[in-house]
Amino acid sequence: MRLSAFFVPTAKEAPAEATIISHQLMLRAGMIHQESAGIYSWLPLGCRVLNKVTAIVRAEQDAAGFNEMLMPTIQSADIWRESGRYDAYGPEMLRIRDRHQRDMLYGPTNEEMITAIARSYLTSYRDLPLRLYHIQWKFRDEIRPRFGVMRGREFLMKDAYSFDVDTQSARLVYDQVFASYLRIFARLGLKAVAVRADTGPIGGDMSHEFHILAATGESLLYYDAAYDDLLLAGSPIDGEALRALYAADAELHDPTACPVAPERLRQARGIEIGHIFHFGDKYSAPMKLQVQGADDRLITPQMGSYGIGISRLPAAIIEASHDQAGIIWPPSVAPFRVGLIDLKPNDRQCADAVADLKAKLEKTGLDVLHDDRDIRAGAKFADMDLIGIPWQVTMGPRGLQKGLVEVKNRANGERQELSIDAAVNFLVTHCLVTHCLVAV
Ligand code: ATP
Ligand code: MG
């Protein structure tokens with residue numbers, strides 16, 4: 002992609018109302034544009050990040066055995082009256098009346114709709130288990146929308162739902178989703194902490210939230226110091242260690258018992274990026290979802306729901322990964338993996354070398370943003386750092402006379418001079434291999 006043909010309205014300053022760094026940087030990098038309180042357009046650069054986050058979440062949901070579908074944003078009030086939540090949900094629900102005076106609403110979540118869908122099709126225990134998900138915009142009329150897309154009113158969520166014959170198998174899928182969430186957040190370059198949670202208006206008897214630790218987080222968390230050793234110190238975490246932490250946490254079903262010894266208890270602020278619930282028959286019972294059991298008795302499926310705040314994630318990732326100069330994208334969600342800074346776009350030799358390097362990189366599947374603008378070099382360097390491109394290649398007539406380009410790692414600032422072919426090899430190895438390691 003040529004930057005001269007790509008709409009990235011970067012800015013030196015952020016408006017004063019942006020008080021946290023991720024909001025400031027998203028505005029300065031031209032990722033989002035505010036339409037009204039808590040409602041944003043995603044400009045091309047932001048949209049690419051959102052799509053990359055979505056693709057990772059989608060791949061892991063598919064791998065965990067969930068089927069993707071798409072439910073509408075607008076729902077009928079009737080199904081919410083059946084569950085009893087139409088009145089209970091309160092002013093966060095955006096209520097709408099259509100031309101026939103029917104009560105509608107803009108969905109804040111989809112438990113009712115998915116239960117009604119299941120009720121239309123499920124007849125026997127043989128139809129279970131059922132695992133469905135969608136990625137769709139939600140609306141919650143938050144009392145205080147703030148921090149940009151971190152707490153929006155309209156926001157994109159991945160919400161998954163499970164139906165099982167009994168509690169035992171419902172708990173099994175809960176565990177599978179738990180493990181898959183840890184993989185998702187690792188692939189997004191995040192160190193996520195799982196904590197036992199309140200079930201809130203969704204209801205239910207078991208629930209965990211996934212947070213990243215950040216001073217600007219809106220939640221107060223208490224956690225075992227084991228997380229300090231494992232997660233915060235940055236030491237490698239193997240699957241066994243994570244299972245052990247989870248096992249300790251899963252014993253917390255009795256809300257009055259805190260199994261963490263006081264001297265091991267730590268306190269931190271967190272940003273909630275995911276939330277999973279096992280709520281049994283909270284929706285299936287009032288909405289009369291029943292199927293024939295193996296012994297001819299009717300059974301009520303046991304349900305769970307599993308959310309990830311997709312549009313909150315780019316902001317959460319920036320809170321966790323930035324410096325003075327701007328955003329530092331983890332390669333897996335970077336809007337482009339490589340940035341090419343062409344110091345003399347009007348110089349023939351330079352243009353040919355850039356075209357050659359770009360073609361070689363793109364052939365390997367890497368996405369490249371080529372800054373071909375005829376502006377001063379300093380402004381190009383500043384923009385590339387601001388928008389956080391992980392690998393930056395600077396090419397100019399002086400280096401090219403010696404056959405060399407400069408490759409910079411955005412995360413640690415390390416630079417090296419390499420020939421064009423060595424640069425291609427280096428970038429392919431680093432971008433693709435690093436990505437695979439993170440993806441394991
Ligand atoms: P919060 O406590 O942050 O208000 P919640 O507990 O009400 O969130 P859930 O119903 O658990 O939210 O929704 C699932 C996920 O959707 C959350 O973990 C969060 O990442 C995301 N989310 C919730 N509300 C918002 C919002 N207003 N803006 C952006 N993302 C949101
Ligand atoms: Mg929640």
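For the sequence shown, this note's numbering begins at 2 and goes up steadily by one. In this text, a Cβ means the ideal position worked out from N, Cα and C, and glycines have one as well.
According to DSSP, simplified to helix, strand and coil, what is residue i?
i: K13; result: coil
i: L428; result: helix
i: Q402; result: helix
i: R270; result: strand
i: L433; result: helix
i: L253; result: Confidence is the limiting factor: at L253 the pLDDT is only 47, short of 50, which leaves the residue's position unreliable and the question unanswerable from this model.
i: D422; result: helix
i: G414; result: coil
i: A19; result: coil
i: A248; result: Caution applies to A248, whose pLDDT of 49 falls short of 50 and renders its modelled position unreliable; the value that the coordinates give is listed next. Here A248 sits in helix by DSSP.
i: E143; result: coil
i: E363; result: helix
i: I388; result: coil
i: V441; result: Low per-residue confidence applies at V441: pLDDT is 33, beneath 50, and the placement is therefore not dependable enough to give any value.
i: E219; result: coil
i: V50; result: helix
i: Y175; result: helix
i: I80; result: helix
i: Y228; result: helix
i: S285; result: coil
i: Y90; result: coil
i: A380; result: helix
From this set, the options, which residue's C-alpha is nearest residue i's C-alpha?
i: V334; options: A19, A56 and P16; result: A56
i: Y162; options: E112, V339 and S312; result: E112
i: Q303; options: S312, R313, Q291 and L314; result: Q291
i: H431; options: E273, P391 and R49; result: P391
i: D384; options: M2, K13 and R3; result: K13
i: G366; options: V150, V339 and D372; result: V339
i: K409; options: Q402, A198, L341 and D348; result: L341
i: M53; options: D372, P336, D375 and I388; result: According to the sequence displayed, residue 53 carries Lys and not Met. The shortest C-alpha separation from K53 is found at P336.
i: T110; options: P130, Y87 and R127; result: Y87
i: A198; options: A262, R100, Y224 and T217; result: Y224
i: G414; options: A326, A89, D79 and N426; result: A326
i: V37; options: E83, Q402, P146 and E210; result: Note on identity: in this sequence residue 37 is Ser, with Val being the wrong assignment. Taking only the C-alpha atoms, the option nearest S37 is P146.
i: D343; options: T168, V194 and A356; result: A356
i: A354; options: S125, G397 and A195; result: G397
i: Q177; options: N426, Q62, S42 and W43; result: Q62
i: V166; options: T301, A65 and A380; result: T301
i: Q35; options: G400, V150 and F7; result: V150
i: V194; options: I136, E273, P263 and L131; result: E273
Just to confirm, are residue i and residue j a CB contact at a threshold of 8 Å?
i: L106; j: W81; result: yes
i: V58; j: I185; result: yes
i: G310; j: E155; result: no
i: A424; j: V394; result: yes
i: L405; j: E418; result: yes
i: E320; j: A215; result: yes
i: G153; j: S312; result: yes
i: D348; j: S5; result: no
i: Q76; j: G47; result: no
i: I277; j: F179; result: yes
i: G305; j: D160; result: no
i: M207; j: Y182; result: no
i: A317; j: I388; result: no
i: V50; j: P315; result: yes
i: L222; j: A269; result: yes
i: L28; j: P16; result: yes
i: L229; j: R188; result: The sequence given here has Asp at residue 229, not Leu. Taking 8 Å as the Cβ cut-off, D229 and R188 do not qualify as a contacting pair.
i: E210; j: E143; result: no
i: I21; j: H323; result: no
i: A412; j: I328; result: no
i: P287; j: S121; result: no
i: R132; j: F67; result: yes
Per DSSP, residue i forms a beta bridge with which residues?
i: S333; result: In DSSP, S333 forms no bridge with anything.
i: K159; result: I136 and I309
i: L131; result: F164
i: T395; result: I342 and E407
i: V196; result: E210
i: H371; result: R3 and L341
i: Y107; result: I75 and L95
i: S125; result: Q293
i: I40; result: S37
i: R152; result: R147
i: M32; result: The partner list for M32 (beta bridge, DSSP) is empty, contrary to what the question assumes.
i: I1; result: Outside the shown range of the chain (2 to 441) lies residue 1, about which nothing can therefore be said.
i: F278; result: S208 and S306
i: E69; result: Y134
i: G327; result: D324
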